[in-house]
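*Asks:* Have a look at this one before I ask anything.
Protein chains: 2
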Amino acid sequence: MYQYEHPHPALTTDVVIFTIRDKQLKLLLIMRAGEPYKGKWALPGGFVQQDEDLEAGARRELAEETGIAGVYLEQLYTFGAVDRDPRERVITVAYYALIPSDKIVLQAATDAEAVGWFSLDELPELAFDHQGIVDMAHERLVAKLDYSTIAFQFMPEEFTLSELQDVYEIILREEMDRRNFRKWVLALEQIEETGEERREGAHRPAKLYRVIHPGKVEIIK
Amino acid sequence: MYQYEHPHPALTTDVVIFTIRDKQLKLLLIMRAGEPYKGKWALPGGFVQQDEDLEAGARRELAEETGIAGVYLEQLYTFGAVDRDPRERVITVAYYALIPSDKIVLQAATDAEAVGWFSLDELPELAFDHQGIVDMAHERLVAKLDYSTIAFQFMPEEFTLSELQDVYEIILREEMDRRNFRKWVLALEQIEETGEERREGAHRPAKLYRVIHPGKVEIIK
DNA sequence: TGACTTTGTGTAAATACTACACTAAGTTGT
DNA sequence: ACAACTTAGTGTAGTATTTACACAAAGTCA
Numbered sequence: 154m155y156q157y158e159h160p161h162p163a164l165t166t167d168v169v170i171f172t173i174r175d176k177q178l179k180l181l182l183i184m185r186a187g188e189p190y191k192g193k194w195a196l197p198g199g200f201v202q203q204d205e206d207l208e209a210g211a212r213r214e215l216a217e218e219t220g221i222a223g224v225y226l227e228q229l230y231t232f233g234a235v236d237r238d239p240r241e242r243v244i245t246v247a248y249y250a251l252i253p254s255d256k257i258v259l260q261a262a263t264d265a266e267a268v269g270w271f272s273l274d275e276l277p278e279l280a281f282d283h284q285g286i287v288d289m290a291h292e293r294l295v296a297k298l299d300y301s302t303i304a305f306q307f308m309p310e311e312f313t314l315s316e317l318q319d320v321y322e323i324i325l326r327e328e329m330d331r332r333n334f335r336k337w338v339l340a341l342e343q344i345e346e347t348g349e350e351r352r353e354g355a356h357r358p359a360k361l362y363r364v365i366h367p368g369k370v371e372i373i374k
Numbered sequence: 154m155y156q157y158e159h160p161h162p163a164l165t166t167d168v169v170i171f172t173i174r175d176k177q178l179k180l181l182l183i184m185r186a187g188e189p190y191k192g193k194w195a196l197p198g199g200f201v202q203q204d205e206d207l208e209a210g211a212r213r214e215l216a217e218e219t220g221i222a223g224v225y226l227e228q229l230y231t232f233g234a235v236d237r238d239p240r241e242r243v244i245t246v247a248y249y250a251l252i253p254s255d256k257i258v259l260q261a262a263t264d265a266e267a268v269g270w271f272s273l274d275e276l277p278e279l280a281f282d283h284q285g286i287v288d289m290a291h292e293r294l295v296a297k298l299d300y301s302t303i304a305f306q307f308m309p310e311e312f313t314l315s316e317l318q319d320v321y322e323i324i325l326r327e328e329m330d331r332r333n334f335r336k337w338v339l340a341l342e343q344i345e346e347t348g349e350e351r352r353e354g355a356h357r358p359a360k361l362y363r364v365i366h367p368g369k370v371e372i373i374k
């Protein structure tokens with residue numbers, strides 16, 4: 154047992170894990186195995202350990218659920234409404250992560266929990282205040298596309314400009330002019346040609362590009 | 154005594170309180186009366202009560218230290234490094250507040266603590282990781298000037314365009330062209346003439362303006 | 001009433017953004 | 001082998017936005 158003179162809240166991290174799959178922006182949910190909200194879908198997350206920094210806790214949750222590490226992770230917001238958990242006062246520090254589509258290798262139901270990728274359009278009812286967390290993460294992501302290179306975090310090591318444009322169009326839900334998009338993205342000087350090209354399908358092969366500073370998200374104009 | 158099965162961290166809020174005074178961006182610090190860091194300057198803040206939301210806790214601290222309420226307050230970031238407090242694990246949810254210069258009425262040393270306004274250029278050594286919190290708040294404020302109407306939160310009910318321009322110049326540390334600034338700020342359609350003018354000093358009087366939606370920070374272009 | 005100080009105002013040049021259509025280079029089928 | 005098909009790759013002209021810049025207006029004060 155742990156004793157304190159004053160009441161202390163419990164502390165968790167929750168992670169909104171985004172990826173792009175099947176031309177849709179998706180996020181990872183797990184089905185709760187225990188009470189409360191048993192059987193409801195929820196964000197992956199859990200208690201922060203006493204000797205672990207907040208981001209480390211979030212990365213641990215992320216690794217446990219998806220088996221991957223080294224991806225983009227950013228603190229989103231801290232949710233602490235008094236009644237957000239029916240058991241006791243629980244503060245959650247929410248993070249969001251972006252995963253390149255080629256890195257998705259789901260741990261096969263780690264803790265005997267169901268795990269699934271859901272399109273943002275078709276989310277099931279979520280446990281706790283997780284819908285609010287998802288909404289805020291989504292807003293942040295859309296906003297960051299406008300003033301940073303965050304979208305590059307969705308790309309595998311090598312990609313074509315059309316694939317990159319697809320990512321922008323999927324997240325922003327608007328079509329972009331191909332020529333203008335290319336001019337714009339190349340002017341950022343954040344990606345470079347690999348020299349290789351991808352040849353697939355009955356059409357002209359596309360040049361492959363790579364991110365010059367992978368893992369770094371630059372603020373742009 | 155409060156008992157838990159698992160270890161729980163302590164939870165505090167800290168508030169970076171900005172204002173503009175003497176043509177400088179200043180923030181409020183209090184001198185710590187007890188250990189640790191006794192005698193060091195620190196951000197106002199304190200423990201979140203069990204029945205109080207996070208923002209409510211921050212507003213309470215703000216009211217206790219400055220005697221004012223109803224000002225702009227925004228969550229900044231949550232700091233939770235394992236060793237940020239030498240006593241026990243303490244998570245702090247940091248907020249920042251903007252106070253119009255005319256509202257500054259410092260409580261005369263509420264808890265027998267020294268209180269003072271410090272220019273960002275001349276901060277004393279701060280307790281805990283508070284310098285890092287201040288740096289992040291400052292960055293956020295500067296960034297928000299570019300894409301929101303947050304600067305209006307520094308203005309009193311009535312103000313002149315020159316005074317508003319001063320606020321921008323002080324925070325961004327760059328001079329702006331008067332004509333371009335006026336065109337730009339009026340095009341936002343977020344302020345309107347009061348019809349009155351301010352006559353002070355040996356020169357042409359200036360028209361007074363007011364914010365159309367006080368308290369609301371709009372995202373711009 | 002002249003000197004002084006800050007307020008208030010327009011225009012032209014440069015820059016950035018937008019819209020738009022055809023050729024290039026492969027694959028596949030006949 | 002060549003015609004049909006599909007996606008990749010490219011430039012320019014018009015429009016909108018941003019920037020640079022200087023002088024008259026309206027007070028106070030000696």
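Chains as they are written, first to last, in my numbering: chain A, 154 to 374; chain B, 154 to 374. Yeah, the Cβ is synthetic: ideal placement off N, Cα and C, and Gly gets one too.
Could you give the residue range of the beta strand (DSSP E) that holds Phe200 (chain A)?
*Replies:* From DSSP, the beta strand (DSSP E) with Phe200 (chain A) extends over 198 to 200.
*Asks:* Can you pull the chain A neighbours of Met154 (chain B), defined as C-beta to C-beta under 8 Å?
*Replies:* Within chain A, the residues near Met154 (chain B) are Gln156, Tyr157, Glu158.
*Asks:* Is Thr231 (chain A) near Thr231 (chain B), with beta carbons less than 8 Å apart?
*Replies:* Taking 8 Å as the Cβ cut-off, Thr231 (chain A) and Thr231 (chain B) qualify as a contacting pair.
*Asks:* For Arg363 (chain A), I'd like the list of residues in its chain whose CB is within less than 7 Å of its CB, leaving aside the five on either flank, ordered along the chain.
*Replies:* Hits under 7 Å: Glu310, Glu311, Ile344, Glu345, Thr347.
*Asks:* How would you list, in chain order, the residues of chain B whose beta-carbon sits under 7 Å from the beta-carbon of Tyr249 (chain A)?
*Replies:* In chain order: nothing, as chain B lies at least about 14 Å away.
*Asks:* Could you tell me which of B:Leu279, B:Trp337, B:Thr302, B:Leu298 sits nearest to Ile324 (chain B), measuring between CA atoms?
*Replies:* Nearest C-alpha to Ile324 (chain B): B:Leu298.
*Asks:* If you draw a straight line from the C-alpha of Ile257 (chain B) to the C-alpha of Pro197 (chain B), how long is it?
*Replies:* Each residue's Cα considered, the two are about 15 Å apart.
*Asks:* Let me confirm a value: Ala267 (chain B) is counted as buried when at least 16 other C-beta atoms fall within 10 Å, else exposed. Which label applies?
*Replies:* The residue in question, Ala267 (chain B), is exposed, as its Cβ has fewer than 16 Cβ neighbours within 10 Å.
*Asks:* What first and last residue would you give for the beta strand (DSSP E) that runs through Arg293 (chain A)?
*Replies:* Looking at the DSSP string, Arg293 (chain A) is not in any beta strand (DSSP E); the run it does join, the alpha helix (DSSP H), is 283 to 300.
*Asks:* Using a Cβ distance threshold of 8 Å, determine whether the region 349 to 359 of chain B contacts the region 210 to 218 of chain B, with at least three qualifying pairs required.
*Replies:* With the cut-off at 8 Å, the region 349 to 359 of chain B and the region 210 to 218 of chain B do not touch.
*Asks:* What residue range is occupied by the uninterrupted alpha helix (DSSP H) comprising Ile324 (chain A)?
*Replies:* Where Ile324 (chain A) is concerned, the enclosing alpha helix (DSSP H) stretches over 314 to 325.
*Asks:* Would you kindly report the start and end of the unbroken beta strand (DSSP E) that includes Val338 (chain B)?
*Replies:* Segment 331 to 340 is the alpha helix (DSSP H) holding Val338 (chain B); no beta strand (DSSP E) there.
*Asks:* Are the beta-carbon atoms belonging to Tyr157 (chain A) and Ala280 (chain A) less than 8 Å from one another?
*Replies:* Against a cut-off of 8 Å, the Cβ pair of Ala280 (chain A) and Tyr157 (chain A) comes out as no contact.
*Asks:* Residues in the region 204 to 228 of chain B with C-beta within 8 Å of chain A's C-beta atoms, listed in sequence order?
*Replies:* Those residues of the region 204 to 228 of chain B that come within reach of chain A (Cβ to Cβ, closer than 8 Å) are Asp204, Glu205, Asp206, Leu207, Gln228.
*Asks:* Under DSSP, the alpha helix (DSSP H) around Glu214 (chain A) begins and ends at which residues?
*Replies:* Counting along the chain, the alpha helix (DSSP H) containing Glu214 (chain A) begins and ends at 207 to 219.
*Asks:* Does chain A have any CB closer than 8 Å to the CB of Val246 (chain B)?
*Replies:* Interface residue, yes.
*Asks:* From A:Thr313, A:Arg326, A:Leu339, pick the residue whose C-alpha is nearest to that of Arg352 (chain A); which is it?
*Replies:* Residue A:Thr313 is the option with its Cα nearest to Arg352 (chain A).
*Asks:* How is Gln306 (chain A) classed by DSSP in three states: helix, strand or coil?
*Replies:* In this structure, Gln306 (chain A) counts as helix in the three-state DSSP scheme.
*Asks:* What's the call for Met308 (chain B), buried or exposed, on a 16-neighbour Cβ count within 10 Å?
*Replies:* Result: buried.
*Asks:* Out of B:Gln306, B:Met329, B:Phe200, which has the shortest C-alpha to C-alpha gap to Asp255 (chain B)?
*Replies:* Closest option to Asp255 (chain B), Cα to Cα, is B:Gln306.
*Asks:* Straight-line CA distance for Pro253 (chain A) to Thr172 (chain A)?
*Replies:* The straight-line gap from Cα to Cα measures roughly 6 Å.
*Asks:* Taking Ala355 (chain B) as the query, report the chain A residues whose CB atoms sit under 7 Å from its CB, ordered along the chain.
*Replies:* Neighbours of Ala355 (chain B) on chain A: none; closest Cβ ~43 Å, over 7 Å.
*Asks:* So Pro162 (chain B) and His161 (chain A) are in contact, right, with Cβ under 8 Å, and what is the actual spacing, rounded?
*Replies:* Yes, they are in contact, since the Cβ atoms of Pro162 (chain B) and His161 (chain A) sit about 6 Å apart, within 8 Å.
*Asks:* Identify, in the order they occur along the chain, each residue of the same chain with its Cβ nearer than 6 Å to the Cβ of Leu178 (chain B), setting aside the five sequence neighbours on each side.
*Replies:* Once the five neighbours on either side are set aside, the close Cβ partners of Leu178 (chain B) are Leu273, Ile323, Ile324.
*Asks:* Within 8 Å, do at least three Cβ pairs link the region 232 to 241 of chain A to the region 200 to 209 of chain A?
*Replies:* Touching, no, given that fewer than three Cβ pairs across the two stretches are closer than 8 Å.
*Asks:* Determine the direct distance from the alpha carbon of Gly368 (chain B) to that of Met289 (chain A), and round the result to whole angstroms.
*Replies:* Cα-Cα distance, rounded: 21 Å.
*Asks:* Give the interface partners of Phe200 (chain B) over in chain A, defined as CB-CB distance under 7 Å, in chain order.
*Replies:* Neighbours of Phe200 (chain B) on chain A, chain order: His159.
*Asks:* Mind listing which residues of the region 167 to 200 of chain B have their C-beta closer than 8 Å to chain A's C-betas, in chain order?
*Replies:* Those would be Phe200, in chain order.
*Asks:* Quick check on this structure: which residue in A:Gly233, A:Gly192, A:Ala211 has the alpha carbon closest to the alpha carbon of Asp282 (chain A)?
*Replies:* When only C-alpha atoms are compared, the closest one is A:Gly233.
*Asks:* What residue ranges within the region 231 to 281 of chain B form continuous alpha helix (DSSP H) runs of no fewer than 4 residues, ordered along the chain?
*Replies:* Segments of the alpha helix (DSSP H) lying fully in the region 231 to 281 of chain B: there are none.
*Asks:* For Ala222 (chain B), list the residues DSSP reports as bridge partners.
*Replies:* Partner(s): none; Ala222 (chain B) has no beta bridge.
*Asks:* Under 7 Å between beta-carbons, which chain B residues line up against Ala234 (chain A)? List them in chain order, please.
*Replies:* What Ala234 (chain A) touches in chain B: Asp206.
*Asks:* First and last residue of the beta strand (DSSP E) that includes Tyr190 (chain A)?
*Replies:* Where Tyr190 (chain A) is concerned, there is no enclosing beta strand (DSSP E), given that its DSSP letter is neither H nor E.
*Asks:* Within the continuous beta strand (DSSP E) that includes Val364 (chain A), where are the two ends?
*Replies:* Element bounds for Val364 (chain A): 359 to 364.
*Asks:* I'd like to check one pair, Ala211 (chain A) with Leu226 (chain A): are the Cβ atoms closer than 8 Å?
*Replies:* Yes. Within cutoff.
*Asks:* So which residues on chain B does Arg242 (chain A) lean against when the C-beta distance must stay under 7 Å?
*Replies:* Here the neighbours are Gln203.
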